[in-house]
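For what it's worth, my numbering labels the leading residue of the sequence shown as 43, then goes sequentially. C-beta atoms are modelled at their ideal positions from N, C-alpha and C, and glycine is treated no differently.
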Amino acid sequence: MRAYDKAKKGMQPGKQAIVMSLNIGRIIGIPVRIHYTLWLVLLLISWSLADGYLPQNYSGLDLATRWAIGIVSAIILFVSVFLHELSHSYIAKK
43 MRAYDKAKKG MQPGKQAIVM SLNIGRIIGI PVRIHYTLWL VLLLISWSLA DGYLPQNYSG
103 LDLATRWAIG IVSAIILFVS VFLHELSHSY IAKK
């Protein structure tokens, strides 16, 4: 039995589980969920790059360009971590 199912099973009657993640679907048979805090962390990383790192190291960039680079960089980071973790899950499932 999965941990999620165990947690649901132990709930009191009449109570609903707090949904902390959005079910995206399955990739190669592995369930994929996105936790709601992903958006906050993505925003914080983008802001940190756009307002901190990029102005100090690339002063010629305008604000919109810095934010675009920050958002794209944060997304690339999360996609690479996702693929890394997905590969762990795939190998463990074999």
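| In chain order, each alpha helix (DSSP H) run of at least 4 residues that lies wholly inside the segment 62 to 135 | The qualifying runs are 79 to 90, 96 to 99, 105 to 135.
| message | Going by beta-carbon coordinates alone, are Ile-87 and Arg-75 separated by less than 8 Å? | response | By one-based count along the sequence shown, residue 87 stands at place 45. By one-based count along the sequence shown, residue 75 stands at place 33. Taking 8 Å as the cut-off, the beta carbon of Ile-87 is found no closer than this to the beta carbon of Arg-75.
| Tell me which same chain residues have a C-beta within less than 8 Å of the C-beta of Leu-96, skipping the five on either side of it? | Locating residue 96 in the sequence shown gives position 54, where the first residue counts as 1. Around Leu-96: Leu-103, Arg-108, Ile-111, Gly-112.
| request: Using only alpha-carbon positions, find the residue among Thr-79, Ser-63, Gly-71, Ala-116 that is nearest to Ser-90. | output: Numbered from 1 along the sequence shown, position 48 holds the residue referred to as residue 90. When each option's Cα is compared against that of Ser-90, the closest is Ala-116.
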